[in-house]
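Chains F and U, in that order, are what the protein sequence lines are.
For the first sequence, the working numbering gives the first residue as 12, with consecutive numbering after it.
For the second sequence, the working numbering gives the first residue as 10, with consecutive numbering after it.
Glycine included, every Cβ here is placed at the ideal spot set by N, Cα and C.
On a predicted model such as this, the values are computed, not experimentally measured, just so you know.
Here is the structure we will look at.
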Amino acid sequence: MKYFEDVAVGDIMRFGRYEVTKEEIVEYARQFDPQPFHLDEEAGRQSMFGGLIASGWHTGAMFIRMVVEHMTPVHATAGAMGFDDLKWVKPVRPGDVLTVESEVKEKVEGRRPDRGTVKIESRIENQRGEVVMSLVSLVIYLRR
Amino acid sequence: MKYWEDFKVGESTDLGSHSMTEAEILAFARKYDPQPFHTDPEAARRSIFGGLIASGWHTCAVMMRLSVEANRREEAAATGSPGLDSCRWLKPVRPGDTLTGRTEVLETWPSKSKPIGFVRRRVEMVNQQGEAVVAIVGITMYRRRPTGGAAA
Chain F
12 MKYFEDVAVG DIMRFGRYEV TKEEIVEYAR QFDPQPFHLD EEAGRQSMFG
62 GLIASGWHTG AMFIRMVVEH MTPVHATAGA MGFDDLKWVK PVRPGDVLTV
112 ESEVKEKVEG RRPDRGTVKI ESRIENQRGE VVMSLVSLVI YLRR
Chain U
10 MKYWEDFKVG ESTDLGSHSM TEAEILAFAR KYDPQPFHTD PEAARRSIFG
60 GLIASGWHTC AVMMRLSVEA NRREEAAATG SPGLDSCRWL KPVRPGDTLT
110 GRTEVLETWP SKSKPIGFVR RRVEMVNQQG EAVVAIVGIT MYRRRPTGGA
160 AA
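Okay, here's the thing in structure tokens:
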């Protein structure tokens, strides 16, 4: 288990593999982001995106799924305060396969003696190595 | 139709409300954020949160839903978003909470290369006690008013 003391600025982690399907893009969009270019291939083709694309918040949800599968089991985290500087860089399309590269940018001691905050920059990449989304998460780590 | 030109700094819009059920908190978390305090009411009771809480990404998804519906009511010509400056999950969201959204325009500027403009806005959701549970500052893109169109 990695506690606050065990993470160091500059640490890099690569993890996850998420296959994006048309069905899931449409299912998420129907529930949370029902804009035409997330719901319908033809509407997507006619939009500035040139085809069906995933909701950006759906990409965020896929990102947290990969984090919970691969990082949470081995890092002593207690959720996150939020994030800064989220960029939706490129559209995510059906058939894309996403992975994550995360880098520890800063450790913040804070006032509570039992925990600290770690700023982690994550880049979500597709199968061509293109960054589709990036953000800096404010993750709460427990101390040893 | 509400175009980029129609957004004024300082204007605020009510986004409406949504009540969070335990079933939808569990369904979202099991698919996207399967941590015990989001997926297992018993484990959640023993966690630092003292009960089941919604994934922060679920709360944001609900905020997006309310924003899309508000855009539709206003017939706003929204065309997506390049990202957010910040997002803070300020308080846990629990089953039965009713979340109400509100947004305020902070800044507007036109694209130099495309017939769109950008709106930087703060969006906040409060629970039924009036406590803010999430606050974001994000950017939305809107189509420009077609040239030749008279101001409303």
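Asked                                                                                                                              : Found
CA-to-CA distance, Arg122 of chain F to Ile34 of chain U, given in whole angstroms                                                 : 31 Å
Proximal residues, the segment 48-64 of chain F versus chain U, C-beta separation under 7 Å                                        : Met59
For Arg104 of chain F and Glu52 of chain F, the rounded distance between their alpha carbons                                       : 10 Å
Residues within the segment 112-131 of chain F neighbouring chain U, beta-carbon criterion of under 8 Å                            : none
Residues near Ser58 of chain F in its chain [Cβ-Cβ closer than 6 Å; skip 5 each side]                                              : Phe48
C-beta contact flag for Arg111 of chain U and Asp15 of chain U at 8 Å                                                              : no
Same chain only: Cβ atoms within 6 Å of Ala162 of chain U, ignoring 5 sequence neighbours per side                                 : In the structure as shown, chain U starts at 10 and stops at 161, and residue 162 of chain U therefore has no counterpart that could be examined.
Contacts that Ala70 of chain U makes with chain F (C-beta to C-beta distance below 9 Å)                                            : Tyr39, Gln42, Phe43, Asp44, Ser66, Trp68, His69, Gly71, Ala72
For Ile23 of chain F, three-class secondary structure by DSSP                                                                      : strand
Where Met57 of chain U falls, given that 16 or more other Cβ within 10 Å makes a residue buried                                    : Here the sequence assigns Ile to residue 57 of chain U, which means Met is not the residue at that position. Exposed, since its Cβ has fewer than 16 Cβ neighbours within 10 Å.
Min CB distance Val79 of chain F to chain U below 8 Å                                                                              : yes
Nearest-angstrom Cα separation, counted from Glu51 of chain U out to Ala90 of chain U                                              : Note that residue 90 of chain U corresponds to Ser in the displayed sequence, not to Ala. Taking the straight line from one Cα to the other gives about 38 Å.
Neighbouring residues, chain F, relative to Trp66 of chain U (Cβ below 8 Å)                                                        : Trp68, Gly71, Ala72, Ile75
Nearest-angstrom beta carbon gap, Pro101 of chain U and Thr30 of chain U [assumed within contact, 8 Å]                             : The pair is not a contact, with the Cβ atoms about 16 Å apart (cut-off 8 Å).
Glu30 of chain F burial status per 10 Å Cβ neighbour count (16 or more: buried)                                                    : exposed
Within 8 Å, strictly: CB atoms of Leu149 of chain F and Ala72 of chain F                                                           : no
Neighbourhood of Met134 of chain U by C-beta distance below 6 Å, restricted to the same chain and skipping five residues each side : Met72, Leu108, Gly110, Val142, Val143
Closest residue to Thr88 of chain U among U:Ala70, U:Ser64, U:Lys123, U:Arg55 (Cα-Cα distance)                                     : U:Lys123
Option nearest Thr32 of chain F by Cα separation, candidates F:Val147, F:Val108, F:Gly55, F:Arg41                                  : F:Val108
Pick from F:Phe26, F:Asp22, F:Ala19 that is closest to Pro84 of chain F, judged by C-alpha positions                               : F:Phe26
First and last residue of the uninterrupted alpha helix (DSSP H) at Trp66 of chain U                                               : 65-83
Residues near Glu140 of chain U in its chain [Cβ-Cβ closer than 7 Å; skip 5 each side]                                             : Lys100
Cutoff 8 Å: Thr83 of chain F Cβ touching any chain U Cβ                                                                            : yes
Neighbourhood of Arg134 of chain F by C-beta, 6 Å cutoff - its chain only, sequence neighbours within 5 removed                    : Glu112, Val142, Ser145
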